[in-house]
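Quick notes on the structure that follows.
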Amino acid sequence: MAGSLALDMERRYQGGAVVRAALEVPLEPPGVTVLFGPSGSGKTTILRCVAGLERPDRGTIRFGEEVWTDAESGRHVPPQRRRVGFLHQEPALFPHRSVRGNVAFGLRRVPRDERRARVAELLERFGLAALADRRPGQLSGGERQRVALARALAPSPRLLLLDEPLSALDTPTREELRLELRRHLIDAGVPSLLVTHDRAEAMVLGDRVAVVIGGEVRQVGAVEDVFSHPVDAEVARAVGVETVVVARVRERHDGLLVLETHGRRLVAVDPGLAGEHVLACIRAEEVVLRLEEPVAESARNHLAATVVALRREGPLDRIVLDCGFELTAVVTPEARRELGLEPGRRVVAVVKAPAVHCVPRGPWGLAWGA
Amino acid sequence: MDVQALGLTLRLASATTGVLFALGVPLAYWLGRSERRWKVLVEAVVALPLVLPPTVLGFYVLLAISPRSPIGRWFESLTGSRLPFTFRGLLVASVLYSLPFAVQPMAVAFGQVERRMLEASWTLGEGRLGTFLRTVVPLALPGIVTGAVLSFAHTLGEFGVVLMVGGNVPGETRTISISIYDHVQALDYGAAGETAAVLLAFSFLVLAVTYALQRRAWATWPGR
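Protein chains in written order, with our numbering: chain A, -16 to 353; chain B, 1250 to 1473.
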């Protein structure tokens, strides 16, 4: 049995805030599970309890066969013995040690030759070899976070915990590092739990998402499921209304991608992705509905669809369509009346190629973006 | 110049610093990082020598170590010697008198070590002692050095406590400040001036070196 990280815990704070988490994270295959939700929703608390840096007031935390925390019996395995890697929001590098010294920190009990080889290998893998003798104060934000990741991976942790690892960086660096981080997490082959409040980050980095709102885990599932099928209005508000489908790359030409998903063809702008699979994301606001196929039009994607369901959402109506996969659109009530949108009504959904946002995705063992 | 008094003073200052280092580091670590509410009481006790006149402190120490007090009796039964007007008695008084000078800078330095540094060390598999030695002490080193230097320098110049507890026994309790006082009383301004100048120069040198070391230490550890 591969086992899982299983949480069923509650942490109460002075002043009344309560964080509850019931969550099971499979450890095989070693994917990235994102704890996603607005700021202050309790994501970091959950992560710190898993690391053993905080103690839940009630409940249990299990890792495979091991019981890490059991509030009833008072059992609490200290962080030193959990063998997890932890990345703080601001990389907590030791300022008095060099890059090399930081990476080697957790390898004190490893024989010297082995330690040297391991550190050299990590510095190489993270592009830090040239910076090995620098102090953290002489590094850029992105370099620091790389050192922190290399340091956390050095003692071969069984689980990696990342608390908003990119949020302390400026925007261009953050976007650049996002894909790189995903690649490192996949290469490391360590199951990871990552906290973020950034949708783009959640989609790029995660395989699974757990949505945390108001101190509770509200929905858990594959990234594409959670983002396209939020369980309730509150989750929908947090994740944004969006269609996310796994698609296969059929063709690549002139900076465009031709995708295939559920027997349908989608044209998208290529953000420069390698690999065979992508997540195609279409925001509900960018889907135009019409009654018949146009004669000629600039928009590249015309999908024959059937209305499945309607839901009032604020001033707009949310329309769920079936066009081989489930596609969501939002329209004004006036448009809904004019088009006679009712369940069963046949329409054409129109989406421009640049409105199909592609996020890299690969089945396990399939290298991409490297 | 009274060379014997100078030697004795240096010996007293070194011994005081050594004892304060051993006592002060754990106490300062606790004061710097504990979140207990009654910590303020301990802080107040540690700071008392800053505000009490040395004569008051010396008076209580003298009472405490006198052969009639339980502590004095216990010490006499243990070692066969008495504490008042001896070097060892003087050492006890000096340690108490310089306690805040050692503990306060150390406690501040320990308190400033960020919690995430400790957490990073723990999650990398390092235990509490290892974390203290490999991470906390190096990060708090400027404060620890300052505490040690200040207690040394402060002991060099103490007067009131020495007079109360140690008296003026040459080679045993006559420190450099007592010697200066004696010279002035005897209207020997030349000898007093010489000794005072040595003390002034030495104190200045020690402090200057400390501050220089601190600046260097922080300059190589930027980024908080």
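Virtual Cβ for every residue (Gly too), placed ideally from N, Cα, C.
For a cut-off of 8 Å, the C-beta gap from L1462 of chain B to V1394 of chain B is around 6 Å, short enough to register as a contact.
Under DSSP, the beta-bridge partners assigned to S175 of chain A are A:V15 and A:L143. Look at the stretch 1374 to 1392 of chain B: the residues with a C-beta under 7 Å from a C-beta of chain A are G1374, E1375, G1376, T1384, P1387 and L1388. A4 of chain A sits close to L(-10) of chain A, with the two beta carbons spaced by under 7 Å. Ranked by how close their Cα comes to the Cα of N284 of chain A, the residues A:V203, A:S211 and A:L240 have A:L240 in first place. Here V330 of chain A really is in contact with V290 of chain A; their C-beta atoms are around 7 Å apart, less than 8 Å.
With fewer than 16 neighbouring CB atoms inside 10 Å of its own CB, W1323 of chain B falls in the exposed class.
Annotation for G238 of chain A: V252 and D253 place their beta carbon closer than 7 Å to its own, counting only its chain and skipping 5 residues before and after. Judged by DSSP in its simplified three-state form, W51 of chain A adopts strand. Per DSSP, T1265 of chain B is one residue of the alpha helix (DSSP H) stretching across V1252 to R1282. Distance from the CA atom of R294 of chain A to the CA atom of R319 of chain A, rounded to whole angstroms, is 11 Å. Rounded to whole angstroms, the separation of the alpha carbons of L1405 of chain B and S1426 of chain B is 8 Å. At a cut-off of 7 Å between beta carbons, H285 of chain A makes no contact with chain B.
In the DSSP assignment, F69 of chain A forms a beta bridge with A:L144.
In this structure the stretch 129 to 136 of chain A lies against the stretch 60 to 73 of chain A, because at least three pairs of beta carbons, one per stretch, are closer than 8 Å. In chain order, L136 place their CB closer than 6 Å to the CB of A171 of chain A, counting only its own chain and leaving out the 5 sequence neighbours on each side. Excluding five sequence positions before and after V102 of chain A, the CB atoms of its chain that fall closer than 8 Å to its own CB belong to R83, V86, A87, L90 and A137, given in chain order. Interface residue (Cβ-Cβ distance to chain A less than 7 Å): E1407 of chain B is not classified as such. Under the DSSP assignment, S(-13) of chain A falls in the beta strand (DSSP E) whose first and last residues are S(-13) to R(-5). Under DSSP, the beta-bridge partners assigned to I302 of chain A are A:L293 and A:A312.
Beta bridge pairing from DSSP links C264 of chain A with A:V227 and A:H340. Residue-level contact check: G89 of chain A touches chain B, since one or more beta carbons of chain B fall below 7 Å from its beta carbon. Under the Cβ criterion of 7 Å, E1284 of chain B is not counted among the residues facing chain A. Annotation: Cβ neighbours of M1366 of chain B in chain A (cutoff 8 Å, chain order): A75 and F77. Against T1395 of chain B, chain A offers no close residue; the least beta-carbon distance is about 17 Å (beta-carbon pairs closer than 9 Å).
Taking a 10 Å sphere around the C-beta of Q1361 of chain B, we find fewer than 16 other C-beta atoms and assign the residue as exposed.
A distance of 7 Å or more separates the beta carbons of T1266 of chain B and A1356 of chain B.
Contact of G68 of chain A with chain B by beta-carbon distance below 9 Å involves T1372 and L1373.
In this structure the stretch 45 to 57 of chain A does not touch the stretch 1329 to 1342 of chain B; the number of beta carbon pairs closer than 8 Å is below three. When the Cα atoms are used, Y(-4) of chain A and L1454 of chain B turn out to be separated by approximately 51 Å. With a threshold of 7 Å between beta carbons, A1445 of chain B makes no contact with chain A.
Of all alpha-carbon atoms in A:D305, A:C306, A:T311 and A:R(-6), the one lying nearest the alpha-carbon of L299 of chain A is that of A:T311.
Straight through space, the alpha carbons of P74 of chain A and S1318 of chain B are spaced by roughly 56 Å. Contacts with chain B at 7 Å (Cβ-Cβ) include P138 of chain A. Here S1400 of chain B is buried: its Cβ has 16 or more other Cβ atoms, across all protein chains shown, within 10 Å. P39 of chain A is not a Cβ neighbour of T27 of chain A, given a cutoff of 7 Å.
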